[in-house]
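This report refers to the structure that appears directly beneath it.
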Amino acid sequence: MIVTSLHYSGHKDGAAMMKTTVSEEWLTYTWVRLRSGVEPHEVKRQLIQNGFDDQAIRSLMRDAYNGRRPISDVDHAALARAPLTLRAKSHPQLRRIPAPKAQLYVWPNFLAPETCDALIALTDERLRASTTTDAFADPKIRTSRSSDIGTMGHNLVMQLDELIAEALGIHWSYSDATQTQRYDVNQEYKAHYDYFTPGTRDYQVHCQFTGQRTWTFMIYLNDVEEGGGTRFRRLEKTIMPEKGKAVIWNNLNPDGSVNPYTIHHGMKVRSGAKYVITKWFRERGWGEMFPEDYSRIS
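For our numbering, count along the sequence shown from 1 and bump the result up by 71.
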């Protein structure tokens, strides 16, 4: 059972009444909240309100207790050498797309067909109109529908988060909650960047806690009857949807500056529908960005 809301019914008016032990239920609650994108300081505040003492909160939150690492800790050159980039040199399917101006990779059959089907079913349970971070943008820029599956607390999505993080080699806490998108006939996402332009209001609002978007990990969940390709126009590359195929790229340069060559267009679906997973990674998380056990995964 996934716990979405818990409240401590005991008294909170003294240290003697505080909770000093943790239960599996509260552990699940804490990590569903963290994986759903709730900031560590907010999770800590909620636990304090529910009567937990500091030791119990440390036990529940583990590496997340101290919050996200400071932006000064970010090594952008190391980000550009994420374990996936090394794996691509010997992996039988993962390969880099020849494009000297950007780091762009494809990984056919990354997800099993039955996993794709299950994620499509989960997506269709809770769809909303897709939005952009710019409130003043033309609404015709993005006409798909989205599902915030990363906030559902579903075991399949948490397993997917681990799979993606391990494949890239970056801990999942350095990422946003996973989203899916559904594109029907004539729907698209016109040419755009995944990064936030430094100095803009969007950058100030959306990067204040987690930092800039770094890598994008996108997965096609179905074969599309016609259309629906992803066009990197400045790289002159178009990648067509195939069920289970991942497309991965670094939105930054090795010096940490944004890379305008990553502009891309989710092209119109001409027939059928297109489902995609989108996972954006960030500059800031908790613990080690590159866990040693991730680097050993083939």
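Heads up, the beta-carbon is just placed ideally off N, CA and C, and yes, glycines get one too. This one's a predicted model, so the numbers in the text were calculated from it and none came from an experiment.
Cβ-based neighbour list, residue i, same chain, cut-off 8 Å, excluding 5 preceding and 5 following
i, result
"Leu198", "Arg216, Ser217, Ser218, Arg253"
"Asn330", "Lys172, Ala173, Tyr266, Asn321, Asn322, Leu323, Asn324"
"Glu196", "Ser218"
"Tyr332", "Ala170, Lys172, Ala173, Phe303, Arg305, Leu306"
"Asn180", "Gln164, Gly315, Lys316"
"Thr268", "Tyr274, Val329"
"Ile142", "Gly282, Glu354, Arg355"
"Asp232", "Arg106, Gly221, Trp243, Ser246, Thr249, Lys350"
"Leu227", "Thr186, Ala189, Leu190, Leu193"
Close Cβ partners of residue i (< 6 Å) along its chain, the five nearest in sequence each way excluded
i, result
"Gly343", "Val295, Glu296"
"Ala248", "Ser107, Gly108, Gly221, Thr222"
"Thr281", "Arg353, Arg355"
"Thr91", "Asp124, Ala127"
"Pro362", "His242"
"Tyr136", "Arg129"
"Leu150", "Thr285"
"Val256", "Val340"
"Ile235", "Phe288, Lys350"
Reduced DSSP category for residue i - H, G, I as helix; E, B as strand; rest coil
i, result
"Ala238", "helix"
"Ser161", "coil"
"Trp243", "helix"
"Met132", "helix"
"Met229", "helix"
"Asn137", "helix"
"Thr333", "helix"
"Val295", "coil"
"Thr101", "helix"
"Leu182", "coil"
"Val109", "coil"
"Leu150", "helix"
"Leu374", "Residue 374 lies beyond the stretch modelled for the chain, which goes from 72 to 369, so this question has no answer here."
"Ala248", "coil"
"Val93", "coil"
"Ile142", "helix"
"Ala192", "helix"
"Ala317", "strand"
"Tyr365", "helix"
In DSSP terms, what residue i is bridged to
i, result
"Arg199", "Ser217"
"Val256", "Val340"
"Met311", "In DSSP, Met311 forms no bridge with anything."
"Tyr176", "Arg167, Ile319"
"Met289", "Val318, Thr349"
"Thr301", "Ile310, Gly337"
Beta-carbon contacts of residue i that lie in its chain and below 7 Å, excluding the five residues immediately before and after
i, result
"Val318", "Val177, Met289, Thr301, Ile310"
"His147", "Leu323, Pro325, Asp326, Gly327"
"Arg158", "Leu165"
"Thr194", "Ser218, Ile220, Thr251, Arg253, Tyr346"
"Glu359", "His242"
"Arg104", "Val114"
"Ser76", "A caution first: Ser76 carries a pLDDT of 37, below 50, which makes its placement in the model unreliable, though a value can still be read off. Nothing meets the Cβ criterion."
"Gly299", "Tyr254, Pro312, Met338, Val340, Lys345"
"Met229", "Arg106"
"Trp351", "Ser246, Asp247, Asp265, Arg284, Thr287"
"Ser201", "Arg213, Ser215, Arg216, Ser217, Gln252"
"Val93", "Ala127, Ser130, Leu131"
"Met89", "Gly122, Phe123, Asp124"
Residue i Cβ short of 7 Å to the ligand NAD heavy atom set
i, result
"Val177", "The ligand NAD is absent from the structure shown, which contains no ligand whatsoever."
| How about the segment 345-364 and the segment 287-299: do they share at least three Cβ pairs that are nearer than 8 Å? | These segments touch.
| message | Extract the residue ranges of the alpha helix (DSSP H) inside the segment 259-286, only unbroken runs of 4 or more that lie entirely within it. | response | Within the segment 259-286, the complete alpha helix (DSSP H) runs of at least 4 residues are 272-277.
| task | Jot down the residue ranges of each uninterrupted alpha helix (DSSP H) in the segment 336-363, minimum 4 residues, whole runs only, in chain order. | result | Complete alpha helix (DSSP H) runs here, min 4: none at all.
| field | the segment 127-139 touching the segment 148-165, judged by at least three CB pairs closer than 8 Å | value | The segment 127-139 makes no contact with the segment 148-165: fewer than 3 CB pairs, one atom from each, lie closer than 8 Å.
| So, do the segment 301-317 and the segment 270-280 have three or more beta carbon pairs nearer to each other than 8 Å? | No, they do not touch.
| Validate contact between the segment 183-195 and the segment 235-245 using beta carbons, cut 8 Å, 3 pairs | No, the segment 183-195 does not touch the segment 235-245.
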